[in-house]
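Student:
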Amino acid sequence: MERTIHFTLVDQVSTLNRITSAFVRLQCNIDELHVKHSDKEGISNMKLKVNIKDDDTFKIVLKKLSQQVNVLSVKSE
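Using our numbering, the first residue of the sequence shown is number 1, and each one after it goes up by one.
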């Protein structure tokens, strides 16, 4: 099932690596990734499309992402 995740995050070196590492550990693939700078300096908005069929795995991914230091908020569609 294709799912969309929206993030607000601090725009720093290694932020993308930290986020993608959460998917690697759970062996989930990212299908699309979009990043835009927000109106606030040093803050970006990210949108990911992922194909995760299992609801439990998706909940784990959301939890892991929300625990990241540079992630300010996580929302899913």
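Using N, Cα and C, we set each Cβ at its ideal position, and we do this for glycine too.
Of all the options 39, 25, 3 and 44, which has the alpha carbon lying nearest to the alpha carbon of residue 13?
Tutor: 44
Student: Please state whether the Cβ-Cβ distance between residue 46 and residue 35 is less than 7 Å.
Tutor: yes
Student: If the criterion is Cβ atoms closer than 7 Å, does the pair residue 49 and residue 8 meet it?
Tutor: no
Student: Between which two residues does the alpha helix (DSSP H) holding residue 19 run?
Tutor: 15-25
Student: Run the CB neighbour count on residue 24, radius 10 Å, all protein chains shown included, and call it buried at 16 or more, exposed below.
Tutor: exposed
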